[in-house]
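One structure below.
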Amino acid sequence: GDSVTQMEGPVTLSEEAFLTINCTYTATGYPSLFWYVQYPGEGLQLLLKATKADDKGSNKGFEATYRKETTSFHLEKGSVQVSDSAVYFCALSAGANSKLTFGKGITLSVRP
Amino acid sequence: DAGVIQSPRHEVTEMGQEVTLRCKPISGHDYLFWYRQTMMRGLELLIYFNNNVPIDDSGMPEDRFSAKMPNASFSTLKIQPSEPRDSAVYFCASRQSGGSDTQYFGPGTRLTVL
Numbered sequence: 001g002d003s004v005t006q007m008e009g010p011v012t013l014s015e016e017a018f019l020t021i022n023c024t025y026t027a028t029g030y031p032s033l034f035w036y037v038q039y040p041g042e043g044l045q046l047l048l049k050a051t052k053a054d055d056k057g058s059n060k061g062f063e064a065t066y067r068k069e070t071t072s073f074h075l076e077k078g079s080v081q082v083s084d085s086a087v088y089f090c091a092l093s094a095g096a097n098s099k100l101t102f103g104k105g106i107t108l109s110v111r112p
Numbered sequence: 113d114a115g116v117i118q119s120p121r122h123e124v125t126e127m128g129q130e131v132t133l134r135c136k137p138i139s140g141h142d143y144l145f146w147y148r149q150t151m152m153r154g155l156e157l158l159i160y161f162n163n164n165v166p167i168d169d170s171g172m173p174e175d176r177f178s179a180k181m182p183n184a185s186f187s188t189l190k191i192q193p194s195e196p197r198d199s200a201v202y203f204c205a206s207r208q209s210g211g212s213d214t215q216y217f218g219p220g221t222r223l224t225v226l
């Protein structure tokens with residue numbers, strides 16, 4: 001079945017550091033890929049998405065590229081801010097069933 | 113648009129009591145999803161509806177859990193009787209078919225069963 005694997009956390013960075021959060025997936029067909037972010041006490045929000053191979057999703061300085069050859073969708077940001085502290089979820093949607101398959105999530109803490 | 117609305121935001125109850133969580137999806141969205149989030153198990157899909165019809169309830173943990181969607185603008189998730197291990201944050205999400213497969217999440221209901 002479909003699955004998403006995220007790197008183990010938590011991750012703690014200093015402000016302005018470079019961020020990479022790894023995500024790999026297993027799916028039949030050609031899934032859409034997503035990064036969702038959950039700020040403390042809130043629901044999940046879509047951060048960015050990509051729907052086909054080599055697409056790059058971007059938002060708020062975050063980027064992720066859909067790599068079919070490595071089945072990956074790593075999240076990157078060149079300079080993190082304290083306000084980026086949150087839980088980040090990688091997810092995929094495959095087929096007509098509309099379900100999202102989520103990774104376990106990773107907690108990012110950015111210190112001033 | 114107001115986004116997905118969930119109520120209550122917090123619920124504290126005693127073991128054995130009935131709990132009802134409520135969700136109003138974004139207007140025009142024809143899919144509705146119920147998730148549960150815990151530290152141990154992460155984010156789990158419980159059930160989802162399309163056009164008010166339950167499509168997949170394989171994630172519902174046991175018969176104590178039930179969900180309904182009587183119309184396009186309202187859904188409930190009921191736990192009867194509740195148990196301490198049901199303590200979690202429950203999220204509702206909705207999406208619109210025929211285009212983007214992005215799901216939009218509500219703020220969640222934090223349930224504590226004592």
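Chains as they are written, first to last, in my numbering: chain E, 1 to 112; chain L, 113 to 226.
Glycine included, each C-beta is placed from N, C-alpha and C at the ideal position.
Since this is a predicted model, take the numbers as computed values, not measurements.
task: On the DSSP bridge assignment, give the partners of Ala50 (chain E) in chain order.
output: E:Leu33
query: What residues of chain L sit near Ser32 (chain E), judged by a beta carbon separation below 8 Å?
result: Within 8 Å Cβ-Cβ: Asp213.
- prompt: Mind pulling the chain L residues with CB within less than 8 Å of Lys60 (chain E)?
  reply: Those within 8 Å of Lys60 (chain E) in chain L number zero; the least Cβ separation is about 16 Å.
query: Is there a Cβ from chain E that is less than 8 Å from the Cβ of Arg176 (chain L)?
result: no
message: Against Phe186 (chain L), what residues of chain E qualify as contacts under a CB-to-CB distance less than 9 Å, listed in chain order?
response: Per Cβ cutoff of 9 Å: no residues; Phe186 (chain L) is ~18 Å from chain E at best.
query: Who are Val201 (chain L)'s beta bridge partners in DSSP?
result: L:Gln149, L:Arg222
- request: Could you check the C-alpha separation between Pro173 (chain L) and Ser72 (chain E) for me, to the nearest Å?
  value: Going by the C-alpha atoms only, they are around 31 Å apart.
- request: Hey, could you find the ends of the beta strand (DSSP E) Phe161 (chain L) is sitting in?
  value: In this chain, the beta strand (DSSP E) harbouring Phe161 (chain L) covers 154 to 162.
task: Under 6 Å Cβ to Cβ from Glu126 (chain L), same chain only, skipping five residues before and after it: list those, please.
output: Leu226
query: Quick one: complete beta strand (DSSP E) runs, 3+ long, within the stretch 166 to 194 of chain L?
result: 177 to 183, 186 to 191
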